[in-house]
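Q:
Chains as they are written, first to last, in my numbering: chain A, 1406 to 1516; chain B, 1240 to 1345.
(1) Would residue 1457 of chain A pass as a contact of residue 1474 of chain A if the rule is Cβ separation under 8 Å?
(2) Whole-angstrom Cβ separation of residue 1333 of chain B and residue 1505 of chain A, contact assumed at under 8 Å?
(3) Considering only their Cβ atoms, is the gap separating residue 1276 of chain B from residue 1326 of chain B smaller than 8 Å?
(4) Looking at residue 1300 of chain B: is its Cβ nearer than 8 Å to the Cβ of residue 1311 of chain B?
(5) For the region 1289 to 1307 of chain B against the region 1455 to 1471 of chain A, are there 3 or more C-beta pairs whose distance is under 8 Å?
(6) Which of helix, strand or coil does DSSP assign to residue 1485 of chain A?
(7) If we cut at 8 Å on Cβ distances, does residue 1448 of chain A have a partner in chain B?
(8) Could you tell me whether any Cβ in chain B is nearer than 8 Å to the Cβ of residue 1477 of chain A?
(9) Which residues in chain B sit within 7 Å of residue 1506 of chain A, going by Cβ to Cβ distance?
(10) For residue 1264 of chain B, return the contacting residues in chain A, with the cut-off set at a CB-CB distance below 8 Å.
(11) Could you pull out every residue in the same chain whose Cβ sits closer than 8 Å to the Cβ of residue 1344 of chain B, ignoring the five residues on either side in sequence?
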């Protein structure tokens, strides 16, 4: 197992376009999390799944954001009608019992 | 939600120096982790430490859960220790502090 994988590493998109990010967690981890990090700040929680069930969504997650985790494996995070304020690093993490492991993140730039 | 405060916000060290980073949190937590974020943005797990003391090479951490704080010690700092150090507390999801930016100068 190579850890948590995220794709793509970088994404530049025009304002108003839709983007989708993918996260592949560590295979035996049943919990998967999405975080967003802007420059100079700590990561902020967006949402998390236990297996395929989405158990919590932050109020940071507007209705333009949607996340899925079909079959409790990989997860996707989609942002519709992107805005410049969506520019950030999007981090995925997975966990089982002890501790969280983060992926390398997807850096989104909205121009 | 749980509030996490880290201090100092910035730390400049001469290579070889020792330092202590502090993390205060506002409520009881199940777990606490320290991370190092490298220049490419990867969060590297340093310690999973809900209580007690752990050591890993030149790094060690102590969490006093009853007093709601944790300390990260860096001894004999090296330039490769530069980066942002985050404390995060787990109440079924991680809540992060704002981080301490460490710069180690040769």
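Each residue gets a CB set at the ideal place from its N, CA and C atoms; glycine is no exception.
A: A quick look at the data gives this:
(1) yes
(2) 6 Å
(3) no
(4) yes
(5) no
(6) coil
(7) yes
(8) no
(9) 1284
(10) Residues of chain A passing the Cβ test: none, with the nearest at roughly 13 Å.
(11) 1251, 1252, 1253, 1254 and 1318
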